[in-house]
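Peer 1: The listed protein sequences correspond, in order, to chains H and C. End of the first sequence = 210 in full-length UniProt numbering, gap-free, step of one. End of the second sequence = 210 in full-length UniProt numbering, gap-free, step of one. The C-beta atom is built at its ideal place from N, Cα and C for all residues, glycine as well. One structure is given below, represented as structure tokens, and several questions about it will come after.
Protein chains: 2
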Amino acid sequence: MKFAKIPMATINRLSVYMRTLQELLEEDVEVISSERLAKQCGVNPAQIRKDLAYFGEFGVRGVGYHVADLVNQIKEILGLSRTWNLAMVGLGNIGSSLIRHGNFVKHGYIFTAAFDVDPQKVGKKLPNGLVVNHVDELEEVIRERDVHIGVIATPAGAAQSVANQLILAGINGILNFAPVQIQVPDCCHVENVDFTIKLDCIAYHLSTGV
Amino acid sequence: MKFAKIPMATINRLSVYMRTLQELLEEDVEVISSERLAKQCGVNPAQIRKDLAYFGEFGVRGVGYHVADLVNQIKEILGLSRTWNLAMVGLGNIGSSLIRHGNFVKHGYIFTAAFDVDPQKVGKKLPNGLVVNHVDELEEVIRERDVHIGVIATPAGAAQSVANQLILAGINGILNFAPVQIQVPDCCHVENVDFTIKLDCIAYHLSTGV
DNA sequence: GAACCAATGTGAATAAGGGCACAACGTTGG
DNA sequence: CCAACGTTGTGCCCTTATTCACATTGGTTC
Ligand SMILES: NC(=O)c1ccc[n+]([C@@H]2O[C@H](COP(=O)([O-])OP(=O)(O)OC[C@H]3O[C@@H](n4cnc5c(N)ncnc54)[C@H](O)[C@@H]3O)[C@@H](O)[C@H]2O)c1
Ligand SMILES: NC(=O)c1ccc[n+]([C@@H]2O[C@H](COP(=O)([O-])OP(=O)(O)OC[C@H]3O[C@@H](n4cnc5c(N)ncnc54)[C@H](O)[C@@H]3O)[C@@H](O)[C@H]2O)c1
Chain H
1 MKFAKIPMAT INRLSVYMRT LQELLEEDVE VISSERLAKQ CGVNPAQIRK
51 DLAYFGEFGV RGVGYHVADL VNQIKEILGL SRTWNLAMVG LGNIGSSLIR
101 HGNFVKHGYI FTAAFDVDPQ KVGKKLPNGL VVNHVDELEE VIRERDVHIG
151 VIATPAGAAQ SVANQLILAG INGILNFAPV QIQVPDCCHV ENVDFTIKLD
201 CIAYHLSTGV
Chain C
1 MKFAKIPMAT INRLSVYMRT LQELLEEDVE VISSERLAKQ CGVNPAQIRK
51 DLAYFGEFGV RGVGYHVADL VNQIKEILGL SRTWNLAMVG LGNIGSSLIR
101 HGNFVKHGYI FTAAFDVDPQ KVGKKLPNGL VVNHVDELEE VIRERDVHIG
151 VIATPAGAAQ SVANQLILAG INGILNFAPV QIQVPDCCHV ENVDFTIKLD
201 CIAYHLSTGV
């Protein structure tokens, strides 16, 4: 079933399942049913079974899913049984905060390059030992350090230009924190993180729901 | 049409449209067609027209939408023609970064309270002038300062407990940065921001797409 | 003021996604 | 070894979302 078209929503949920399963693992839960897992993830049990069924049969009928096993299966599905090298572009507030954050490494995402235009920042050493490069050296450094994913944390105005440079350097995956819709060729996959949209959504619910 | 059930996806898109329209406004674009706006937002033109049609008729046939006007209409729809008071809980890496960030105020979201448990942080004055309160005072301060939305930026382990306190204090909207699924009553609306899910999604695409 | 133009608003068609309900099938207990 | 149990995997249906296509209508031109 590996070649059916998988809904994007399924991929997102798999990530959530994995996170929850990893927690369960730490609590020494060995086996879990779709029903209990569903409750903990806030979804429908059939949804979980169907999501997993796209990729194979991982459960045991009458019993449930072996937690440790399922974590590994999902990792395999998502391409997480390896590490990914990231490049951060823009070391302001949020860029530095992300690099300082330890959670990414724990999940196999490793910052191996960092760029900025600010002369004050270029050459500085970051807490993780990385030295900041000038954005002019982006293509060269990215190829050299085998970076797979670019993270954009520059002001909105610079985002498109940075994206162009990343693509020129052969990057096919971008995580974009700038609040603009960046345009990329089909070969490149962009995910946007925009807190303001989430806040707007809350505001809408508060205004109408009451 | 104000009372039809509106898809959540529509609300999210409205927020994107608004952001784009505000940019256009700064470039002195007065009128725009659904087709041009669609291209800039990366969606289908009919989608835009239908999204807007849920709430009224804002365009002019044969011409398009008046940009400044439409921004105001969308603000009205989303409940953004007013300000919202936010409380930040957890002033670590990301919490401080968010408070320092000016973009929220620009969109009408104002931090009016901040909480932490760390004695080193309680009592400190933040760049925006706010003094950090201890989380034990949460309910009292939140009611006093008329906070509408709570932002959780604590470690994952504390998130559920913080959410409970927020709800007890009468909060009905939560923006959650901790990578856990928090459980809340129906009256409360939660939006999660989880970068790792987005990264996992990129990893999946890079692994399979090639 | 009539005829043309251009882009909206919308009903109908299509596509996608989610959930129910049950048959299939390991497991466990007798 | 067989029967009773419990949970998976999945066909089918229903609901929701997106796209198409065109009639509608305000603006513009002559
Ligand atoms: N900080 C937040 O909490 C937050 C929240 C939501 C959205 N964002 C978005 O994230 C982005 C960054 O926000 P921030 O608060 O970190 O901003 P910031 O101003 O603190 O940092 C931006 C950094 O990008 C660098 N930069 C500018 N142009 C560049 C270029 N062409 N190439 C490389 N680096 C460049 C600057 O030198 C600076 O170091 C913005 O688009 C912002 O809207 C931030
Ligand atoms: N920083 C990032 O880039 C980033 C990225 C993704 C996710 N996150 C998530 O955001 C959350 C915060 O991350 P961080 O890097 O800012 O962590 P951090 O450790 O820097 O900050 C956490 C803060 O929360 C405070 N805190 C702990 N328990 C509390 C409680 N019960 N009530 C109030 N405050 C409490 C701590 O004193 C500390 O100041 C974490 O859940 C993390 O997984 C952060």
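Nearer than 6 Å: is that true of the beta carbon of H134/H relative to any heavy atom of ligand 1?
Peer 2: Flag unset: Cβ of H134/H not near ligand 1.
Peer 1: Pick from D186/C, P119/C, G209/C: whose alpha carbon is nearest that of G92/C?
Peer 2: When only C-alpha atoms are compared, the closest one is P119/C.
Peer 1: Take the Cβ of S15/H as the centre, count every other Cβ of all protein chains shown within 10 Å, and call the residue buried at 16 or more, exposed below.
Peer 2: It counts as buried.
Peer 1: List the residues that DSSP assigns as beta-bridge partners of N139/H.
Peer 2: Looking at the sequence shown, residue 139/H is not Asn but Glu. DSSP, once it has assigned bridges, lists no residue as partnering E139/H.
Peer 1: Starting from Q47/C, find everything on chain H with Cβ-Cβ shorter than 8 Å and list it in chain order.
Peer 2: None at all; the shortest Cβ gap to chain H is about 14 Å.
Peer 1: Cβ of R36/C less than 7 Å from any chain H Cβ?
Peer 2: R36/C does not count as touching chain H.
Peer 1: Give the residues of chain C in contact with E27/H, contact being defined as C-beta atoms less than 9 Å apart.
Peer 2: Under the 9 Å cutoff, chain C gives no residues; its nearest Cβ is about 12 Å from E27/H.
Peer 1: Is any heavy atom in ligand 1 found nearer than 6 Å to the beta carbon of T154/H?
Peer 2: Yes.
Peer 1: Taking Cβ to Cβ, would you say Q181/H is nearer than 7 Å to G42/C?
Peer 2: Yes, the Cβ-Cβ distance between Q181/H and G42/C is below 7 Å.
Peer 1: Kindly indicate if chain H contains any beta-carbon less than 7 Å away from that of N93/C.
Peer 2: Cβ-Cβ to chain H under 7 Å: yes for N93/C.
Peer 1: So who's on the other strand from M88/C, going by DSSP bridges?
Peer 2: DSSP, once it has assigned bridges, lists A114/C, V151/C as partnering M88/C.
Peer 1: Just checking: is the beta-carbon of I11/H within a distance shorter than 7 Å of some beta-carbon in chain C?
Peer 2: Closer than 7 Å: yes.
Peer 1: My understanding is that F115/H touches H134/H, with C-beta atoms under 8 Å, so please give their C-beta distance in whole angstroms.
Peer 2: The Cβ separation is near 7 Å, so the contact holds.
Peer 1: Taking three-plus beta-carbon pairs below 8 Å as touching, is the region 187-195 of chain H in contact with the region 197-206 of chain C?
Peer 2: Touching, yes.
Peer 1: Since Q22/C and V71/C are thought to touch, with beta carbons under 8 Å apart, how far apart are those beta carbons, to the nearest angstrom?
Peer 2: About 6 Å separates the two Cβ atoms, so the contact holds.
Peer 1: From I94/C to R36/H, what distance separates their C-alpha atoms?
Peer 2: Computed Cα separation, rounded: 32 Å.
Peer 1: For L25/H, which residues in the same chain have their Cβ closer than 8 Å to its Cβ, ignoring the five residues on either side in sequence?
Peer 2: V67, A68, V71, listed in sequence order.
Peer 1: At which residue ranges does the region 44-111 of chain C contain complete alpha helix (DSSP H) runs of 4 or more residues, listed in the order of the chain?
Peer 2: Fully enclosed alpha helix (DSSP H) runs of 4 or longer: 45-53, 67-78, 93-100, 103-106.
Peer 1: Count the other CB atoms within 10 Å of the CB of V105/C; is the residue buried (16 or more) or exposed (fewer)?
Peer 2: By the neighbour-count rule (16 or more Cβ atoms within 10 Å), V105/C is not buried but exposed.
Peer 1: Taking Y17/C as the reference, which of N44/C, G150/C, L98/C has the closest Cα?
Peer 2: Residue N44/C is the option with its Cα nearest to Y17/C.
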